[in-house]
Amino acid sequence: MYSHPDYLLSEHLQGVEQLSSLFLSEKMVRLADPTLLDNVSHWIALFHDLGKSHAFFQQYIQSPDAFQGPPALKSHALLSAVILAEFLKEQGVDEFWRLLAFLVVKRHHGNLDDWLEELKRMGEETKTLLKRQVEAIDYSVLAEQMMFSGLGQESVWTKDTWLAWLDEFFAEARSLRRFIMSWNRSNDSLTPYLQVLFLFSMLIDADKSEAGIAQKQSWSFSVRKEVPVDLVLRYKQQKSWEKTALNQLRERAFQEVDKAPIDLCQHFYRLNLPTGMGKTLASLHFALRLREQIEQQQGVKPRIIYSLPFLSVIDQTANVLKEVFSANGIKEDHQLWLAHHHLADIRYTTRQDDERYDVDYEAAKLLIEGWHSELIVTTFVQLFETIFSNRNASLRKFHRLANSIILIDEVQAVPHRYWLAIRRLFAAMAEELGCYFLFSSATDPKWFPEAVSLVDERAYFQPLSRVTLYPHINEPLTIEDFARQIEWEEGKTYLFILNTIESAKTFYNALLDEGIDEKEMTFLSTHIPPKERLRRVMAAKNGEYRIVVSTQLIEAGVDIDFDVVYRDLAPLDSIQQAAGRCNRHGHRKGEVHIVRLTDKKRLYGSYIYDAIRLDITQTLLKGKETVDEGQFLQLITSYFETLAARMSNAESERLLKGMMTLYFDGEKAIDRIPVSHFRLIEGDGEKINVFIELDEEAADVFHEYETILRLSDRWERRRRFAALKSRFSQYVIAIPAKVDHKPPIVNGIGYVGRDSLDDFYDETLGYRTKSEGLIW
């Protein structure tokens, strides 16, 4: 009996159980009685693939192309789940835990669904299918293999037992549905939601890791490694930063974080410091101190998960980490740290006993996506869509959050509509999973009032006088009028941040009309491919341009510095982020000007920001001729307090209701929404991905892409494209599906080749969303 080609079912079940037990042993959680949790996870692992024992699956696994029956006949998850549910009943396990185990096993190859809906599908047709599978099992072989796995209860491995269990499960399906409906009405806790995710995650991670890594790799992929607590201190000792006033303030902040007391009963911390004040190193150092304390006092080794909102910031942070480890003489080892996002290279290198192991593609993908590392740098999307999810691929790494230290940088970027839901779930994760959280920002919304501050933030905001804010918001301006009114100063650099791509393009052209030399300027927006965008950012950073016109993409995390910043009206937190691009290092006095730009119908800001945020911002800035940087803290505090009072929690409350009723998928209802509807980033309409063949390298990349698509082996196609994806994405932009001027679709993606570049792409402003009326 086989679970995979040439691999015994009993060996797989044993392997999954051993990994699942290992994963659980690493953790200290309060989710349930330890014995119950241990037993249920043990039985889930040993039973999850028992359905593969029937002849239909065995025929399929031996020769997939020769299998003639209907696809449902070779299925195995539902049969495994039913047998497990009845086995647990005989073990005295209550209805709730039996149903959780049933849901976890039934869905271990798919996404989680509404647990009530799962029971509604238990009709006669399903029973007939399962009966055929039960009757097609060689029980003598099954019993022999299960004896080998340590499951020696002979009465379990007979046809009569399984047929009886089948009848019993379907007979009690109605009472189980009634139990769920009653439970849904009374439950007001998030603990059951965490219990499902934890058990589901451990099973699917153990299952995929056993099949995709343990069966193929000789090294111990699950071994844990040490990260020196003084990693950042040793790195700092090797640096010789100039002793400017700002650097002295940075060092003062770091020392305060270094001396901040740690109380393991306190699970929430915050680090609120102005931009450019060294939050990355300070927060990482605190996390390492906290990790050491947890390991010493609790006996568990926490992972550190450093999450950021934007890919550009991820790359910067990953480069800092690379420097820090290198300065400590630590060679590349992804078991120590890795960066994970949707465009990350699928490459995993580790070192054991002075030997270097470069893992093959399939195993590397599993290791990276499963967060097999001590320190993971990742995106908000990866983190939050692991916590609020029904998706198999996302949930696989959920159990690694247990006892972890989660750093959330630029916390103000989390959408307000989810604040309540996140606050409630993080509190449950702290209580039940032993998680610790550090929120880091220059514009801290203080949405966790219980969080302990690591620094006296006033001591760092009030002395600063790097920039002065000038609100010019009494009257709206057209872009043309604005361009005419700018007073240029010799020798100063200028950054203009506009709210929409089209308004930014219009403003750039207006500056040309005003006589600005295009050699002095550059333009940034998401309609320019990432490769060219990065080149322009680096050129601006090196002083090659005096003027940069950009959309908001430059606001957070981009280490770039200007003398004067102009910002079209936006919410106050965005304005403060924009101010962080002005005089970052305090060498001179910077100016940040706020204007209200209009297309004569409405403000450009109203196209992308909600009216409440804009209204609060205008109210706070109204009547102020100037705002000094030392006043930013008070202003942003007032902004977030007012926002919290005025914004609705309705979406959070409906999401929480969905989570508390284990409503993982389905339709929206008046009082609840399914977990699957959680979206950290709201789409602004349907998009089309377009490959821009900017240069010879782009032509080579697209040619390789077409070659890959012609491969007949889908696994080889997937592997080859994963290796190409990072380079491929450097030439891909997203445009609105409703634009007038669409490119041809070639091999599933919009394609602008070198020969049609002038028709679809402006070398300065990026994609041409409107046709120029060319004659073909």
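Residue numbers (my numbering): 50 to 825. By construction, the Cβ of each residue, glycine as well, lies at the ideal position given by its N, Cα and C atoms.
C-alpha gap between residue i and residue j, whole angstroms
i, j, result
"A783", "R768", "24 angstroms"
"V430", "H421", "18 angstroms"
"D409", "E481", "36 angstroms"
"E831", "F437", "An answer regarding residue 831 cannot be provided, because it is not within the stretch 50 to 825 covered by the chain."
"L95", "G419", "21 angstroms"
"S552", "D562", "15 angstroms"
"A66", "D87", "The amino acid occupying residue 66 in the given sequence is Glu; Ala does not appear at that position. Cα-Cα distance, rounded: 11 angstroms."
"L58", "V154", "16 angstroms"
"Q667", "T818", "32 angstroms"
"H97", "E193", "18 angstroms"
"Y109", "D714", "30 angstroms"
"L729", "I794", "29 angstroms"
"E746", "E536", "42 angstroms"
"N698", "D659", "15 angstroms"
"K590", "G540", "15 angstroms"
Three-state secondary structure (DSSP) of residue i
i, result
"H53", "strand"
"R405", "strand"
"M587", "helix"
"M230", "helix"
"F531", "helix"
"P525", "strand"
"M171", "coil"
"I824", "Low per-residue confidence applies at I824: pLDDT is 36, beneath 50, and the placement is therefore not dependable, though the value from the model is reported in the following sentence. Note: I824 maps to coil in three-state DSSP."
"D143", "coil"
"H91", "helix"
"F116", "coil"
"H636", "coil"
"I719", "coil"
"S20", "An answer regarding residue 20 cannot be provided, because it is not within the stretch 50 to 825 covered by the chain."
"F727", "coil"
"F497", "coil"
"S271", "coil"
Beta-ladder partner(s) of residue i, from DSSP
i, result
"W386", "L424"
"A783", "N738"
"V676", "L518"
"C631", "F611"
"S552", "S552 is not bridged to any residue."
"F317", "F486"
"H752", "None; H752 has no bridge partner."
"F545", "V598, Y615"
Beta-carbon proximity check, residue i vs residue j, cutoff 9 angstroms
i, j, result
"P229", "L148", "First, the amino acid is wrong: residue 229 is Ile here, not Pro. Yes, the Cβ-Cβ distance between I229 and L148 is below 9 angstroms."
"N321", "D493", "yes"
"R507", "L682", "yes"
"E499", "F303", "no"
"I363", "V426", "yes"
"F136", "W214", "yes"
"L573", "L602", "yes"
"I311", "R352", "no"
"I722", "Y712", "yes"
"R156", "F249", "yes"
"L360", "T293", "no"
"I132", "W211", "yes"
"F116", "K176", "no"
Contacts around residue i, its chain only, beta-carbon distance under 6 angstroms, and the 5 residues preceding and following it disregarded
i, result
"H465", "M696"
"E700", "R466"
"D254", "G419, R445"
"L333", "V281"
"W146", "V89"
"P9", "Residue 9 is absent from the model: the chain starts at 50 and stops at 825."
Chain-order list of residues whose beta-carbon lies under 7 angstroms from that of residue i (same chain, five-residue window excluded)
i, result
"F689", "P494, K495"
"T527", "T647, K649"
"F25", "Nothing about residue 25 can be read from this structure; the chain reaches only from 50 to 825."
"I685", "T492, L621, D622, Q625"
"F270", "I262, L416, H421"
"E753", "L773"
Own chain partners of residue i with C-beta closer than 8 angstroms, once the 5 adjacent residues on each side are dropped
i, result
"E567", "L561, T813"
"H790", "F809, R817, T818, K819, S820"
"T600", "I546, L547, N548, T549, I550, A553, L573, S574, T575"
"I522", "L618, I643, V644, R645, Q667, L670, K671"
"A479", "H316, F317, Y485, F486"
Within-9 angstroms CB hit, residue i to chain B
i, result
"S271", "Here there is only one protein chain, and chain B is not present."
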